[in-house]
Every structure is written in C-alpha cells, then in structure tokens.
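Residue numbers for the sequence shown follow the numbering used here, so the first one is 43 and each next one is one higher. Single-structure report; data block below.
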Amino acid sequence: MDDRKTVVCPYCGFGCRILVDPKTMTARPHWGEPNRGKLCPKGLYATEFVLSEKRLKRPLKREGPRIRPVTWGRAIDEISSRLLEIRELYGPDAVAFIASSKVSNEENYLIQKMARLFGTNNIDNCARLCHEASVHALKMSVGAGAQTNPYEDLERFGAILIWGYNPAETHPVVMDYILRAKRKGAKIIVVDVRETRTMAFADHALMIKPGTDIVLANALMHVIIEEELYDEEFIRTRTVGFSEIRMAVRKYTPEYAEKTTGIPGEDIRKAARTFALAGSGAIMWGMGLTHHVSGVENVLAVIDLALLLGYIGERGGLYPVRGQNNVQGAAYMGALSEFLPGYVPLTDERFRKRVASLWGVEDLPTERGLYLTELWDAIDSGDVRALYIVGENPAVSEADFSRVRESLKKLDLLVVQDVFMTRTARYAHYILPASAFCEKSGSYMNSERRIQWSHKVCEPHANSKPDWEILTALGRALGLPGFTYSSVEEVTEEYFRLFPELEEKSVEELKVGNGIFLPKKRLHTWEFSTPDGRARLIAVERISPWEEPNEEFPFILTTVRLMSHYNTGEMSLRSPSLVRLMGEARALINGRDAERLGIRDGDWMEIETRRGRIRMRARVGGVPEGLIAVPSHFKANRLTSGALNKAGTPEFKFSACRLKKITKS
C-alpha cells in the first residue's frame, strides 16, 4: 500500500482519486473525498490506455504526404520560428490556441499565458462545447460561473431535480450520492427526452419533447407562484426581478405546457409542489440543457426556479455537472477567449494589470478572442493561419465535423500535442508526443471547484514529455518572459498568487490534503457575486430549435453518452477492459416508428441530416415517437448542427433527420 500513488482519474469531471500501484499499474479507489471508496468502470481501468502500443513515441513532422520523426530541439525551433513568422506577416491574431480539458491546471495556465503574451486572446477549450452556456447564465444571474455547492451537500437536501442529465451512466459515483440522499428521504425529479437509467430511481419522471425545456421550467414556476410556494423573504432580500418573472410565467399554465412539452399538466403540478415543499433542493443539469441554441436561456430558467425557492447556499445548490476531469480547471485557469483566470473579464483593468505585472509585462490584449466554434470560419476566411492544439480532437468532437476537417487542411501551420495519433493529428504539420496523466504531476479542479493534486506514478512513455515541459520550451523559444520553470510546482505557486484565497496556501498542503475549494466550499451563502450582492431573476421565453422536422426530415436526432465510452474514444477504445464492456453502439428508435419503417432490433439503418449520413444498427425502444438517439462518441458529429447559442455552443441535441432501413453486405 505504501508504494501506491494517488492520482486524479483522467475521465469525468467528478474528480475521483485513484490509488495506482507503480509496479502493476493497477488502480483501486481512494477512500477519501470525493469518491469515498467508489469507482466506475472507467476509473477502475484508467491506466490501461497509458500502456497502449498506439502511444505517440517521438515528435513527428509532415513533409509532403509523409510523416517522419524529428528531434525535440528541431521541432520546437521550427514551430517557434513559423509562429513568429506568421505573427510578423499577419499579426498575433492570425494564431490561435486550443487548450485541453484533459491536462492539468498548470498546463492550461501555461497555454493561456503563452497565447496572451504572444499577443492574442485566441485561446479557448472544449468548455465551449459543453457548459459555457451555463457559465454565461450563472454569471448573468448570480455573478459566478461555476457549481455552487460540494457534492456532499446532495445528501442533506430534501429534493434533487435532475434535468437533461443521466448520472447513472455518465457519473456513476455522483449517482451514489443521489441514491444516498434518496434513502434519507429526498425526492428525485428527472426531466429528460428519453428513458434513462437515472429515471428508474425517480419519484417524478418527466419525459419532455426536445427543445421545450423553457416551457416546462416556466410552467413549474407558474405553479409555485400561483400557489404561493415561493420563498418571499429570500426574494425580497436577496434578488431583483421577481415582478418580471411573475408576469412572464403567468401564461405558462400546466395545461398550456402539456400541449408543448408532452408532459401531462397534472404531473407538472405534482413535480412543482414536490420540489417547492421539500424545503431544500439541488438542480443538476447537463448537456441536455446547454446543447441547444437556447442553451443560455435554458440555464437561466432553471436558475430562476432555484432562486424562487431560495435553494442557494445552505438550502440548495446549482450543479452544472462537468464531463471531463479538468474542464472546470481549464476554464478557471483562463483558457477561455473572453476571460482571464478566475473567470475575470478581460475588461477588468485592475485584475488584468495584476496578471500582466506577475508575467513581467505592462498590459495584455483586451479584445475578446475567437471562440473555439468560431475558429473554422476564421480559418476559411484566412484570418487564422496557425493553430496550436493541446489534447483536443475537434476533427471528431466538433459539430458538423466534415466542415471542420476541411478547415484544418487550409492552415499554414497546425501543431497537435497529444498522447495518440488522433483524427485531428492526421492533419497536423507537427505532432508532439505528450505524457499521460500518471506520467507527470500536477493539480486538477473537479466540478465542485475542488483542486486536487495528482502524483507522478511512472516515467513518460518513450520520448514523450509532460505538457508543461513542452510548453515551457516553446515559450522560451518564442522569447516570452517568465517561461523558465524547472518544476511543475513552480507553475502551481504562480497561479496560486493570482487568487487571494490561495495566496496563503502551499503546494505541499495541496499534496497531502483532500483538496482545496476555490474560492470556497459553498458560494452565495450570504450574498451573491454581483455588484449589489443580489441575484438576478431573468425571465426567458422559449427559443425554437434552429432546425424543425418537416416532410423531408421528419425525425429529431439527439446525442447521448454511454457508461463505458468516453468522448471521441481515444482513451476508452484503447482500454481492453472497457472495450469488453462496451458492446456495439446502436441508435435508439421508438417501437412504433420502427414498425412503420419495417425496422427490427439489430437491423442496419441509415440516418441522414442536411450535413451527412451515417449507418448504425437499431435498438428498438427507450425513446418516444419521432426521436432518434445516437451515441455521441464516434461519428455522430457528421450529422449534428453547427448552429450556435450566444455562448458559442453548438446545438448538438437537436437536428432534423430522416432514416431508412438498409441491407449492409
């Protein structure tokens, strides 16, 4: 036991800690917080992909149609020279950087530091593809764009509303917290477009028509206000905007909502009463809310619901549950084009000058950079000439990925820094082999804003290097100030200096404890992070999906996650144990729709949208009529819509599609 090293699981955003034996590379759960001796299959087999023979072994350079090995020194020299040349010819904004939800806080901090010292705010990460709509809504309403409470609070709330989120598959250890709450008497309300594993545990299961979330939220608030179940004292002393909410939701009767959402009006009334009378409650949500053109408004609606009841601080919490192990950390470290570290706006001159001073310069660029999802237009127009990608795979993860792949071909310089030869890396001019999570040390921030230290277990594979070492070498080669780090702890100490809550903390304290919450364990217990300390109730109306079904494309396509799969598959598909658990990914179709089209369970279907088509076997059942649900992990994004919401997130969850049975030879 003494030889085992504690690491942070490289998969979801819950932040399980794992004990890894350096000799056998086997994993066991850590008995401390937050996972308390629990692990899901991905965590249990987390080290398997690290041992894959498919790992990148050395730096590679593309020369015409061929790729050949180069030394680290030559790769860094040539990449830096090319980046400086492009800046000289076209300006710093002709270069963009994509940070990673998979690398440490220190490494994300260095990526955004490099971009801004280079002269551009063209720095973003895949938070743009998931919860950036939540960040925007939370900052508008309560002033801070992150989960408000720790997971431990779930066990003491009287009700938990789970919306567009399936923790039983995507976050099994979170589900354990929810079930403990249920055993203590908490009521569970689940809203989703299909039958999920989580729904099996619900006291109220509300099957909603895709794209009608705001109508349901407003109808729940209608009942709460009509029956005077809201927290009058909380609303009077800690919020503004109640009169606008009251007027806006008056027309959203449960009977009206039934016609739009498909949920019986009486079920809406019962769920509203249950949630309001619980006395305390959490709202947990996922991509089912954010992956719409109405994503920001969807989240505002559920925040309004929590504020009406005073379910904030000690009596409740807002839980936008993160999907990747450091997507929260990447955003908090400033790897977003509109925010400095800590979600501080670029326009905050006082903080910006503080960061600049720490970095040894007078000031930093102030104009918002390009969102990740805006890059492809900028590449097509010639505004962006070079792209540096760390640990992301947009050739698979982006909506309408066929268009993205064409854009990648147009770049003067594409550098991909990753563990495997990803689909994105196939388009790169330089490919840099990065070390895996257990081959380096560093800190990570989970969904509840808990910073945890992950220890190095083994030496880097072949000639790979930790991302922070690669970025330090490149920063030096670019002539940027401050890139003189000799250990990852030096980077940790530097980012600690940016946050008053961490200034008195030490790296050693982080290494031995159960983590450090930033800025604190519970937000908004006494006042909100707004200029006047009050939360904003912001009335919203339904925004229709960008595409609607019609005679040509009569079905709605949505995407879902599966327990043993993970994102684009680069990690999970290289884990033999997870592959054995997977089975064949199939598209879900309603029984009546299948009968009408002559499709039986296991038959091959062709699914087509305005962007492309794919083929998958059918699994009959589990979805309502008119809906087709496909796993998001592989080729689904050939079909998905690139229509963006105001936070820059694509509408992954709603595309008009058609399908037919095929005979596959």
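No residue lacks a Cβ here, since even glycine has one placed at the ideal position from N, Cα and C.
Should Trp588 go down as buried or exposed, given a rule of 16 or more other Cβ atoms within 10 Å for buried? buried
8 Å contact criterion, which Val397 and Leu382 should meet: CB distance rounded: 6 Å
Which runs of the beta strand (DSSP E) spanning at least 3 residues fall entirely within the stretch 382-461, listed in chain order? 428-432, 455-460
Please specify which runs of the beta strand (DSSP E), each continuous and at least 3 residues long, are wholly inside the stretch 544-622, giving them in chain order. 597-602
Does Gly668 come out as helix, strand or coil in the three-state DSSP assignment? coil
Would you mind sorting Asn594 into buried or exposed? The rule is 16 or more other CB atoms within 10 Å of its CB. Rather than Asn, the amino acid found at residue 594 in this sequence is Glu. By the 10 Å Cβ count, Glu594 comes out exposed.
His246 by DSSP, collapsed to three states: which one? strand
State the DSSP-derived secondary structure class of Ser285, mapped to helix, strand or coil. helix
Taking the straight line between their C-alpha atoms, what separation do you get for Phe284 and Thr464? 50 Å
When you compare each of Ile345, Gly359, Thr190 to Gln370 by their alpha carbons, which one comes out closest? Thr190
Counting only the same chain and skipping the five closest in sequence on each side, list residues whose C-beta sits under 6 Å from that of Leu180. Gly187
Answer with buried or exposed for Ser449, where buried requires no fewer than 16 other C-beta atoms within 10 angstroms of its C-beta. buried
For the beta strand (DSSP E) holding Thr48, just list the boundary residues, first then last. 47-50
Find the nearest neighbour of Thr281 within the set Leu351, Leu262, Asp234, judged by alpha-carbon distance. Leu351
For the putative contact between Ile305 and Leu248, defined by C-beta atoms under 8 Å, what is the C-beta separation to the nearest angstrom? 5 Å
Report the rounded CA-to-CA distance for Glu120 versus Asp135, giving the unit in angstroms. 20 Å
DSSP three-state label for Phe139, please. strand
Only counting the same chain, and skipping five residues up and downstream in sequence, which positions put a Cβ closer than 6 Å to that of Lys251? Thr303, Gly304
Of the choices Lys47, Arg659, Gln154, Ile656, whose alpha-carbon is the least far from that of Ala377? Gln154
Could you pull the start and end residues of the beta strand (DSSP E) that Gln494 belongs to? 492-496
Nearest CA to the CA of Gln600: which residue from Phe694, Glu536, Phe570? According to the sequence as given, residue 600 is Thr; it is not Gln. With distances taken between Cα atoms, Thr600 lies closest to Phe694.
Taking 8 Å as the cut-off, does the stretch 568-585 touch the stretch 253-265 (at least 3 CB pairs, one atom from each stretch)? yes
When we look at the beta-carbon of Pro573 and count the other beta-carbons within 10 Å, is it buried (16 or more) or exposed? exposed
For my contact list, Leu522 and Leu159 are in at a C-beta cut-off of 8 Å; report their separation, rounded to the angstrom. 4 Å
Please report the Cβ distance between Ile325 and Leu203, rounded to the nearest whole angstrom; I am assuming they are in contact, meaning their Cβ atoms lie under 8 Å. 5 Å
Determine whether the beta carbon atoms of Val62 and Val530 lie at a separation below 7 Å. no
So, under 8 Å CB-CB, Ala636 and Ala671 are touching, yes? Tell me the CB distance rounded to an integer number of Å. Going by Cβ atoms, the distance from Ala636 to Ala671 rounds to 13 Å, so no, they are not a contact pair.
Roughly how far, in whole angstroms, is the beta-carbon of Asn340 from the beta-carbon of Asp255, given that I think they are within contact range, below 8 Å? 5 Å
Is it buried or exposed for Asp460, if we count other Cβ within 10 angstroms and need 16 for buried? buried
7 Å CB neighbourhood of Arg576 in its chain, flanking five on each side removed: Arg280, Thr281, Val282, Phe570
With a threshold of 16 other CB atoms inside 10 Å of the CB of Ala69, please say whether the residue is buried or exposed. buried
In angstroms, rounded to a whole number, what distance separates the CA positions of Pro14 and Ala470? Residue 14 lies beyond the range of the chain shown here (43 to 707); nothing can be said about it.
Taking its Cβ as the centre, do 16 or more other Cβ atoms sit within 10 Å of Asp422, making it buried, or is it exposed? exposed
Where Ile354 and Leu701 are concerned, what is the direct C-alpha to C-alpha distance, given to the nearest angstrom? 45 Å
Along the chain, where does the beta strand (DSSP E) containing Met647 start, and where does it finish? 646-650
Is it a yes or a no for the stretch 624-643 touching the stretch 672-690, going by three-plus beta-carbon pairs under 8 Å? yes
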